[in-house]
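First the structure, in the form of structure tokens, and then the observations on it.
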Amino acid sequence: MDILISNSSEKPIYKQVKNQIKENILSGNITENTKLPSIRTLAKDLQISVITTKRAYKELEKEGLVETVKGKGTYVASKNKELYREKKLNLIEEKLFKIIEEAKILGLKSNEFIDLVKILYQEEDKK
Amino acid sequence: MNNILEIKNLTKSYNDFKLNKVNLEIPAGYIMGLIGPNGAGKTTIIKSIMNLIKPDSGKIKIFNKKLENNEENIKQNIGFVYENEYFDETLTGEKMKNIIKLFYKNWEDSKFYKYCEIFKIDTKKRIQELSKGMKRKLALAIAFSHNPKLVILDEPTSGLDPVFRNNLMKNLMEIIEDGEASILYSTHIISDLEKIGDYITYINNGNIVLSEEKDILLEKYKLIKGKNKYIEKLKPTLIAYKKSKYNFKAIIRCKPDKITQEYKEVIIEKPKLEDFMIILNKE
Chain A
6 MDILISNSSE KPIYKQVKNQ IKENILSGNI TENTKLPSIR TLAKDLQISV ITTKRAYKEL
66 EKEGLVETVK GKGTYVASKN KELYREKKLN LIEEKLFKII EEAKILGLKS NEFIDLVKIL
126 YQEEDKK
Chain B
6 MNNILEIKNL TKSYNDFKLN KVNLEIPAGY IMGLIGPNGA GKTTIIKSIM NLIKPDSGKI
66 KIFNKKLENN EENIKQNIGF VYENEYFDET LTGEKMKNII KLFYKNWEDS KFYKYCEIFK
126 IDTKKRIQEL SKGMKRKLAL AIAFSHNPKL VILDEPTSGL DPVFRNNLMK NLMEIIEDGE
186 ASILYSTHII SDLEKIGDYI TYINNGNIVL SEEKDILLEK YKLIKGKNKY IEKLKPTLIA
246 YKKSKYNFKA IIRCKPDKIT QEYKEVIIEK PKLEDFMIIL NKE
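These protein sequence lines are chains A and B, in that order. Read left to right, the first sequence gives residues 6 to 132 (my numbering). Read left to right, the second sequence gives residues 6 to 288 (my numbering).
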């Protein structure tokens, strides 16, 4: 698993770490029940503070992506992955419907709309 | 949480300087950065912890024990590096180590040699033949070799190159990795702490101005820059500001959106630790 940290990004470091682990889980790069490195080992290897790393793990736990077994470590949660993805996809669809509705009111054509999305997508990647 | 170090109301007066009711806590397994300008009181705090000066009032507990009754026992578990080394410079590093190790029950030669190898210290050379940076590295190797539960560093990286500083941060993370040891790191080279520090305490003129988790400091506070004409209106929301001829810089703790809406010509940025130090410093 690769984790890149940008110090100039507006995104706080805990979020950068969280998002990248999340991507790895959702893409299947790290599979169910895989043990994640301990908070302190990951902090050491990334050279970021323990508190920052703790927060990233806590957020992943809140989203149900990982589970912590006391005294044993943190594991990628089982089963939840597909459910999670489905739920998120539904949410995105819902939001998109609303946006498309507004775009239509403005008279935006579908290719114009898609171009706009493409530009914004790239900008988000740069963040 | 289990605290490695607890300081309560520490006060010490000198003719021209007063350390004023300082409170400080470091939980086990974390790094606290002590930052502030020269003469702010950082070294006075450290000397009090090491029992090298006698405070006027206040309490210091280390490993949950009172310092005054357990000094010997406590110091067994402290590793420290001061701004200057106090070696007998006519000795070789090896001989110096052999003297110092007698004081520590938990000394491990293998650790010492490991650090000497990492730091590339020639222990056969007399200390006086070593460069300033090498002497500092020797002091660090010695401080780390008896499994300390509290590491106290006073400006440990001044005069050391960025590559070494970066490696040192890794060594410090290794020391706290098991969650039992803590580090008090006093410095004005703030970039070191920007990465690995868990807590930041900013001290100025003997007073603690801020003491927070680093992430909270960098997230909840913003740096704002703007035209001088806005300063009077904004003043109530500013924690501190610095004015120059063409603009001002300030630290705020509130939702910055409101300010950008009202005042179009301000810039709001994520602060660096250095910004806190510069803006909060009152001359």
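The beta-carbon is built from N, C-alpha and C at its ideal position, and this holds for glycine as well.
What are the start and end residues of the beta strand (DSSP E) that includes residue 32 of chain B? 23-32
Could you check if residue 185 of chain B belongs to the surroundings of the ligand HEM, using beta carbon to heavy atom distance under 7 Å? Ligands are entirely absent from the displayed structure, and the ligand HEM is therefore not among its contents.
At a Cβ threshold of 8 Å, is residue 42 of chain A touching chain B? no
Does the stretch 220-228 of chain B come within contact of the stretch 27-45 of chain B, defined as at least 3 CB pairs closer than 8 Å? no
Following the continuous alpha helix (DSSP H) through residue 249 of chain B, name the residue where it begins and the one where it ends. Segment: none, residue 249 of chain B is in no alpha helix (DSSP H) and carries neither H nor E.
For residue 104 of chain A and chain B, any beta-carbon pair shorter than 8 Å? no
Could you check what DSSP says for residue 98 of chain B in three-state terms: helix, strand or coil? helix
Please list, in chain order, the chain B residues whose beta carbon lies closer than 7 Å to that of residue 15 of chain A. 275
Could you name the residues of the stretch 29-48 of chain B whose beta carbon sits closer than 8 Å to any beta carbon of chain D, in the order they occur along the chain? Annotation note: the requested chain D is absent from the structure, which comprises protein chains A and B.
Proximity winner among A/50, A/49, A/80, A/116, relative to residue 63 of chain A (alpha-carbon distances): A/80
Checking contacts by CB at 8 Å: is residue 194 of chain B closer than that to chain A? no
Please decide whether residue 57 of chain A counts as near chain B, where near means a Cβ-Cβ distance under 8 Å. yes
Interface positions of the stretch 189-223 of chain B facing chain A (Cβ-Cβ less than 7 Å), listed along the chain: 200, 201, 202, 203, 218, 219, 220
Specify, as a first and last residue, the run of the alpha helix (DSSP H) that residue 55 of chain A falls within. 55-67
Tell me residue 37 of chain B's beta-bridge partners as DSSP assigns them. B/189, B/204
Closest to residue 158 of chain B by C-alpha separation, out of B/60, B/39, B/9, would be which residue? B/39
Going by beta-carbon coordinates alone, are residue 132 of chain B and residue 34 of chain B separated by less than 8 Å? no
Quick check on the DSSP output: the alpha helix (DSSP H) that includes residue 223 of chain B runs from which residue to which? 219-225
Do we get a CB-CB distance below 8 Å when we pair residue 114 of chain A with the residues of chain B? no
So the candidates are B/108, B/94, B/262; which of them puts its Cα closest to the Cα of residue 129 of chain B? B/94
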